[in-house]
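Participant: Provided herewith is a single structure, encoded as structure tokens, for subsequent inquiry.
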Amino acid sequence: MKEHIADLIQSALTNLISEGTLPADTSASIHIENTRDKAHGDLASNVALTLAKAARCNPRQLAEKICAALPQSDQVVRTEIAGPGFINFFINQSSIYSVVEKILTEGSEFGRAPANSGPRVQVEFVSANPTGPLHVGHGRGAAYGASVADLLEAAGLEVEREYYVNDAGRQMNILAASVWLRYLEDLDMDLVFPTNAYQGHYIRDIAHALQQEHGNRFLRTHAQVFDNLPADEPDGGDKDVYIDALIERAKELLGEEGYEIVFRAGLESILGDIREDLSEFGINYQVWFSERSLTHSGDVDVALNILQEKGHLYEAEGNTWFRSTAFGDDKDRVVKRANGQTTYFASDIAYHMNKFDRGFDQVVNIWGADHHGYITRVKAAIQALGYNPDNLVVRLVQFAILYRGEERVQMSTRSGSFVTLRELRDEVGSDACRFFYVTRKAEQHMDFDLELAKSESKDNPVYYIQYAHARVCSVLRKLEDANMSWDQAQGVAELSRLDSETEKDLITQLTKYPDVLRNAALNFEPHVLANYLRDLASDYHTWYNGHKMIIDDVALRNARLTLSVAVRQVLANGLNLLGVSAPEQM
RNA sequence: GCGCUCGUAGCUCAAUCGGAUAGAGCAACGGCCUUCUAAGCCGUAGGUUGCAGGUUCGAUUCCUGCCGGGCGCACCA
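Adding 653 to a residue's 1-based position in the first sequence gives its number in my numbering.
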């Protein structure tokens, strides 16, 4: 409908240009919006306001000229000029009914653009370090990223979901050392566990499994392991120096192959757990991309060489620096340390080069808000490598604060007493998690109320929406119990009997779904869809509460049920995109 | 100190690339329950959009300054 109106305006503008009212070079992006107030018609456009200057006349006069030049349309009952120069369009009400049949015909495809009709886009999200289980902070990025990816796909883009596995670097070595020490404990060695090692209980489980599989192959004596190490923090030393020394000791004693086995035991166990966790959360990736593979494939060297050739690198104090200040960064960044080791940032540069080389038209990174400082430097690197930094979109996700009713749930990663995503899902269920996480704008801080998420009342938006869906299913069951039937064809034919304000509102709401979907996708804002679904459910409940479905008037019954089933379809489509189930009964 | 980000009803949040009278839910207040799910339904009230300027036909939205919260300022990942 919006497109139809836009076409009408466009042809009016063309007429005005040819008769000289508007300058020949007039080009307007015609913007049509839904009116907030019904007194303003159904749709409105502000073209006259935006073109007033170019036309050198006041907006209201221009609006009148545009209206006069509008072609006839049986969809538009009348137009009105209002306020400073808005053109309001009153839509032929009988035309809104057609959406119901469209929904029923297209089913789960309703609202979606043709598959893979748009650009190729990659969405990378979560990408948490595989050093422990996902916690509730990752959960929000997971729910948000998954919905964004699904929305983009629904908007016709070809989407690839990717998880970047940070399997290189110091943290992973600390993990390996932690596993090894717990393994030694498992074999009855009495030792003091390092302050800086991973304290979580899951490390013991990994160590135990390692022991089950490899016996005492990695057992060394206490003296071999601990003699001549620097002091740990409690003994007046530095915990970082201590753990690094311990890592070196592990590599020495276990040899490259042995160390690799211990390392992989930790990595694979935790990554497997993350994978399973996300899968249970309804999230599946096409690609799990290993950071180590960037080093092994030589991509890191390639990327640095390109920067070198283009003159963006320099040496200072033994380090190799990337001159990111040339691209707006606050300071230059080290890419290779004096000891020859490349930095995490170097991997990131190579990773983004690799992404663009895979031919994506757009690359979307979903990061925790604490990473916002990296945007500038990564974009700088992309530009320096010769790619367009605008093709990288970074969306930041704020952390969620958990509440149990009024009380804030304390979380601390340090003490290991953080709430995991799995614990959250176990408590409130995946549906509520997925929905709650995306009801708020991603960059907005959010309070996540566990009690509300669990409650089975209309106060809980997930329950409320799912209930609307289940309600339609329930009515159809009751219908059968009453030995009545529902005839869709007749229902469609009799829709015009649903002509009350609530009914028209409800149907109008349905017509908006494809637009909502598109906007939510292109702006990376699933909360728009979440809010829409709540409004649609609310409109449906309001209508339902005032009208009986199971009645003797066959034609009216069919019409009401047909509208109900259409609502159910749209609810199901929307919930599906948010990763929330649409149950047939509650 | 510098940078990014957020600030909207008592609370949690919306507001369609700058649009018309800033909207929902909860809480509050008033009225409803013999009904296909009353753990619900209907209604009322609630605002100087943090503050002060600026840009223009028009600002919650864009710009500047200030106030307040969060985050970031590594040869960590």
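Think of the CB as a built atom: it goes at the ideal place given N, C-alpha and C, for glycine as much as any other residue.
By how many angstroms is the C-alpha of residue 925 removed from the C-alpha of residue 864?
Facilitator: Roughly 18 angstroms separates the two Cα atoms.
Participant: Can you tell me whether residue 1184 is helix, strand or coil according to DSSP?
Facilitator: Residue 1184: helix per DSSP, three-state reduction.
Participant: Only counting the same chain, and skipping five residues up and downstream in sequence, which positions put a Cβ closer than 7 angstroms to that of residue 750?
Facilitator: Closer than 7 angstroms at Cβ, skipping near neighbours: 1148, 1149, 1160.
Participant: Check the DSSP bridge columns for residue 971 and list the partner residues they point to.
Facilitator: BP columns for residue 971 are empty, so no partner.
Participant: Nearest by alpha-carbon distance to residue 661: which of 869, 983, 901, 722 is it?
Facilitator: It is 722 whose Cα lies nearest to the Cα of residue 661.
Participant: So, are the CB atoms of residue 1116 and residue 1109 less than 7 angstroms apart?
Facilitator: Yes, the Cβ-Cβ distance between residue 1116 and residue 1109 is below 7 angstroms.
Participant: Starting from residue 735, trace the alpha helix (DSSP H) both ways and give me its first and last residue.
Facilitator: Where residue 735 is concerned, there is no enclosing alpha helix (DSSP H), although the beta strand (DSSP E) it sits in stretches over 729 to 735.
Participant: Is it true that the stretch 1049 to 1058 meets the stretch 801 to 819, where meeting means three or more beta-carbon pairs spaced less than 8 angstroms apart?
Facilitator: No, the stretch 1049 to 1058 is not in contact with the stretch 801 to 819.
Participant: So if DSSP puts residue 1018 in a beta bridge, which residue, or which two residues, is it bridged to?
Facilitator: The partner list for residue 1018 (beta bridge, DSSP) reads 777, 1047.
Participant: Assess contact between the stretch 816 to 831 and the stretch 891 to 902, defined as three or more Cβ pairs (one per stretch) separated by less than 8 angstroms. Is contact present?
Facilitator: Yes: at least three Cβ pairs fall under 8 angstroms.
Participant: Measure the C-alpha to C-alpha separation of residue 910 and residue 877 and round it to an integer number of angstroms.
Facilitator: Each residue's alpha carbon lies about 18 angstroms from the other.
Participant: By the DSSP assignment, the alpha helix (DSSP H) with residue 1055 in it spans what residues?
Facilitator: First-last for residue 1055: 1053 to 1057, but that is the beta strand (DSSP E), not the alpha helix (DSSP H).
Participant: In terms of DSSP beta bridges, what is residue 813 paired with?
Facilitator: Note: residue 813 sits in a beta bridge opposite 775.
Participant: Is DSSP giving residue 1002 helix, strand or coil here?
Facilitator: Helix, per DSSP.
Participant: So what's residue 717 in DSSP terms, helix, strand or just coil?
Facilitator: In this structure, residue 717 counts as helix in the three-state DSSP scheme.
Participant: State the DSSP-derived secondary structure class of residue 1099, mapped to helix, strand or coil.
Facilitator: If DSSP states are grouped into helix, strand and coil, residue 1099 belongs with the strands.
Participant: Which residue or residues does DSSP assign as beta-bridge partners of residue 742?
Facilitator: DSSP, once it has assigned bridges, lists 696, 732 as partnering residue 742.
Participant: Within 8 angstroms, do at least three Cβ pairs link the stretch 1129 to 1136 to the stretch 1170 to 1190?
Facilitator: The stretch 1170 to 1190, when compared against the stretch 1129 to 1136, does not touch it at the 8 angstroms Cβ threshold.
Participant: DSSP on residue 1031, reduced to helix/strand/coil?
Facilitator: DSSP places residue 1031 in helix when its eight states are reduced to three.
Participant: Does the distance from the CB of residue 859 to the CB of residue 918 come in under 7 angstroms?
Facilitator: Closer than 7 angstroms, so yes.
Participant: Is it a yes or a no for the stretch 1085 to 1093 touching the stretch 782 to 797, going by three-plus beta-carbon pairs under 8 angstroms?
Facilitator: These segments touch.
Participant: Would you list the one or two residues that DSSP bridges to residue 686?
Facilitator: DSSP lists 697 as partners of residue 686.
Participant: Please state whether DSSP places residue 654 in a helix, a strand or coil.
Facilitator: Residue state, collapsed to three classes: coil.
Participant: Look up residue 940 in the DSSP assignment and give the residues it is bridged to.
Facilitator: Beta-bridge pairing links residue 940 to 815.
Participant: For the beta strand (DSSP E) containing residue 709, name the first residue and the last one.
Facilitator: Where residue 709 is concerned, there is no enclosing beta strand (DSSP E), given that its DSSP letter is neither H nor E.
Participant: Using DSSP with H/G/I as helix, E/B as strand and the rest coil, what is residue 917?
Facilitator: In this structure, residue 917 counts as helix in the three-state DSSP scheme.
Participant: Return yes when the Cβ of residue 1051 is within less than 7 angstroms of the Cβ of residue 756, no when it is not.
Facilitator: Contact flag unset, no.
Participant: What are the residues that DSSP puts in a beta bridge with residue 1060?
Facilitator: Answer by DSSP bridge pairing, in chain order: 1057.
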